[in-house]
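In the working numbering, the protein residues as written are 1263 to 1577.
Worksheet: one structure, shown below.
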RNA sequence: CGCGGGGUAGAGCAGUUGGCAGCUCGCCAGGCCCAUAACCUGGAGGCCGUGAGUUCGAAUCUCACCCCCGCAA
């Protein structure tokens, strides 16, 4: 039986639920001792603006792990140093960590990242992979340096992107894969079995974080591209368009575009009893949608109550 | 008290000078057809979110409350 002194002392840094399975795996592993969790401050969420703790904070408290939530992580540099951590692990923290912090742990600082680096550094990396029509993406664990997702790669695994994958479904799958992947990789890393490989900066690309407005559909783009766009924007910010001065979310479309180019982009028309929208090249069949103020529903249901919709122009 | 839309048949929606509750789809029964998600005939299905108030009379006007949703964060 190992005592706590023999365990690897880890500080876990993360905010969103992407890092949750990995965090949980570390907590459950007898080889590790999580001495501190660092996460973003509680923030108002939802229509009622209820102050809500991050998923990482909730999980940490459930496991009696101390939680710190500094505005800036530099504010707690001293506290981190006093703990003399062996390793720090970062997963979806949403804040750049300065070198002075990265240098504190004996074995440095590892980051679990949701793409195959150097492709897609940054934050909206899962969306980007779907948007670009990639066949596969994956997880990378890198040893962090002062740059944003620029550190040398320690381990990677790939994951196929399914034709029906949304950013949400792919996110959940990658997050789940992160559990064993991280725990195993950390052990091998501590055992000195993994050698960090520098990233090829020539191949690097960057995915900036998304805003609500990034979900606005440009109907002049090809249908094939917009189909990926709808999946990439789900479940946030969601692909949306304008109709009669109101926002309308397009939550899902049929995967195969139809080869019709008879209308102006954004024009709606009937196709096999379904609702089709003309795009820049070919057209898309809308499966489910949501008008602001209303619930999400199938296009069939929507059309029942909106006889004037068919034939209008969106966007 | 952040801003705004909404709650009417199983579903989606109409319905305010207050006056018998409607449409499309679905469902049930029957008919037509070689056949059908097509078409024809008939039918069932409503505490109009809840509670008060105004009125001869309220889905409709007034007040309070509950619930759903969009924005914002």
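Just so you know, even glycine gets a beta-carbon here, dropped at the ideal spot from N, CA and C.
Just so it is clear, the structure is predicted and the values come from calculations on it, not from any experiment.
DSSP state of residue 1571 mapped onto helix, strand, coil: coil
For residue 1415 and residue 1578, believed in contact at Cβ under 8 Å, the rounded distance: Look at the range of the chain in this structure, 1263 to 1577, and you will see that residue 1578 is not part of it.
Rounded C-alpha distance that separates residue 1406 from residue 1381: 16 Å
Classification of residue 1336 by the beta-carbon crowding that lies within 10 angstroms, buried from 16 upward: exposed
Given 8 Å, three or more beta-carbon pairs between the segment 1424 to 1444 and the segment 1461 to 1470: no
CB contact flag (residue 1277, residue 1302, <8 Å): yes
Nearest-angstrom Cα separation, counted from residue 1435 out to residue 1299: 23 Å
Counterpart residues of residue 1373 in DSSP-defined beta bridges: In the DSSP assignment, residue 1373 is bridged to 1352 and 1404.
Backbone CA spacing between residue 1486 and residue 1352 [nearest angstrom]: 36 Å
Beta-carbon proximity list for residue 1264, same chain, < 8 Å, skipping 5 on both sides: With a pLDDT of 48 at residue 1264, under the threshold of 50, the predicted position of this residue should be treated as unreliable, and no value is reported.
DSSP three-state assignment for residue 1274, whether helix, strand or coil: Annotated three-state conformation of residue 1274 is strand, per DSSP.
Close beta carbons around residue 1477, own chain, < 6 Å, minus the five adjacent residues each side: 1495, 1499, 1500, 1501 and 1502
Through-space distance from residue 1541 to residue 1526, alpha-carbon basis: 8 Å
As assigned by DSSP and simplified to three states, the class of residue 1309: Residue 1309: coil per DSSP, three-state reduction.
Residue range of the alpha helix (DSSP H) that includes residue 1363: Per DSSP, residue 1363 belongs to the alpha helix (DSSP H) from 1361 to 1364.
Meets three-Cβ-pair contact criterion under 8 Å: the segment 1382 to 1394 and the segment 1359 to 1374: They do not touch, by the three-pair rule.
Terminal residues of the alpha helix (DSSP H) in which residue 1447 lies: 1429 to 1452
Paired residues, beta bridge with residue 1533 - DSSP: 1536
Beta-carbon proximity check, residue 1522 vs residue 1536, cutoff 8 Å: no
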